[in-house]
Amino acid sequence: MTVATPFRGRITQRRVLRSEWLKITTIRSTYITGALTVVVMIALAIVTCWGQADHYASMPPDLKDRWDPASWSEIGFSFAQLSTGVLGVLTVTGEYSSGMIRATFGAVPKRWPVLEAKAAVFGIAAFVLNVVACLGAFYAGQAMLAGKHIGTTLLSPGVAREVFGTALYVTLAGLFGMALGALVRSTPGGISCLMGIITIMPLIARGLPDNWYNAIAPYLPSNAGTDITRLYHTPHTLYPWPGMGLFALYVAGTFAVAVVLLKRRDA
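Written out as structure tokens, the structure is:
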């Protein structure tokens with residue numbers, strides 16, 4: 018009689034990545050959130066661009082001079098950043114709430130490879146999903162503008178940067194949510210932190226005196242990151258890639274703090 022022996026293979030980063038891939042692809046919320054993101058972005062692009070096509074003739078000349086049809090197509094990124102960010106939070110905190118994190122850290126005692134694998138798998142999946150959503154929204158929106166001949170193409174100057182930059186920003190927002198989830202280890206806490214930083218902080222800043230607002234607002238995480246979603250540069254904002262770089266630093270810094278705490282705290 019042959020007695021089965023437990024598998025005692027060496028823990029490698031490839032195996033950790035495969036484990037995290039299985040986790041994210043077997044959770045129903047991943048598919049629901051992804052489908053909802055794509056559908057809402059395309060629907061908002063259609064409705065918004067249809068409305069803008071009707072209003073374009075009555076717009077003042079200065080607005081026509083800075084007409085940005087691609088930005089109107091990507092108007093749904095405000096929803097996408099929140100849905101992807103919440104999914105990023107759940108990717109980490111879901112294991113804490115279920116208790117599965119103990120088994121995960123038991124298999125990978127160093128812990129950092131787990132968070133690294135989660136970020137890599139989630140980041141790739143989120144970017145692919147958001148590229149699909151942004152391209153779908155772009156073409157759907159431009160179809161609404163084509164009848165009035167006020168649309169654009171992906172090959173026009175700056176448009177590809179807007180579309181793919183929007184997908185990159187939303188992906189980083191999702192990774193930001195993941196890092197915050199790893200920090201607070203609580204789904205409500207992680208989502209609250211994400212909402213506060215991404216949406217509430219810019220609103221609070223608007224209540225400041227103009228000189229304070231102009232000095233602070235460009236460097237807030239979401240304000241810096243969303244500079245890449247616009248074709249034209251406006252006063253008191255960062256240029257697209259420096260703004261994206263600053264937002265990436267916020268995300269990386271949050272992950273760095275999360276890693277330090279991950280090593281010090283109990284599961």
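In the working numbering, the protein residues as written are 18 to 284.
Where is the CB? At the ideal position from N, CA and C, for every residue including glycine.
For residue i, which three-state DSSP category applies?
| i | result |
| --- | --- |
| Met76 | coil |
| Leu34 | helix |
| Val64 | helix |
| Pro126 | coil |
| Ser173 | coil |
| Tyr249 | coil |
| Arg119 | helix |
With respect to the alpha helix (DSSP H) encompassing residue i, which residues constitute its N-terminal and C-terminal limits?
| i | result |
| --- | --- |
| Gly198 | Val176 to Val201 |
| Ile215 | No alpha helix (DSSP H) holds Ile215; DSSP gives it neither H nor E. |
| Thr108 | Phe94 to Ser115 |
| Trp229 | Asp227 to Ile233 |
| Pro88 | According to the sequence displayed, residue 88 carries Ser and not Pro. It spans Pro86 to Ser90 - the alpha helix (DSSP H) in which Ser88 sits, taken as one unbroken run. |
| Pro130 | Trp129 to Ala163 |
Do residue j and residue i count as a contact pair if the criterion is CB distance below 8 Å?
| i | j | result |
| --- | --- | --- |
| Phe139 | Met58 | no |
| Ala150 | Ala199 | no |
| Thr110 | Arg223 | no |
| Val187 | Phe94 | yes |
| Val131 | Val33 | yes |
| Thr169 | Pro86 | yes |
| Leu225 | Arg128 | no |
| Cys66 | Trp38 | no |
| Thr42 | Ser114 | no |
Here's a check: name, in chain order, each residue in its chain whose Cβ is nearer than 8 Å to the Cβ of residue i, leaving out the five neighbours to either side.
| i | result |
| --- | --- |
| Leu192 | Gly105, Ala136, Phe139, Gly140, Ala143, Val268 and Phe272 |
| Pro77 | none |
Leaving aside the five residues before and after residue i along the sequence, list all residues of the same chain whose C-beta is less than 7 Å from its C-beta, in chain order.
| i | result |
| --- | --- |
| Ala265 | Leu189 |
Counting only the same chain and skipping the five closest in sequence on each side, list residues whose C-beta sits under 6 Å from that of residue i.
| i | result |
| --- | --- |
| Val20 | At Val20, the pLDDT of 45 sits below 50, so the modelled position is not reliable and the matter cannot be decided from this model. |
| Ile215 | Ser239 |
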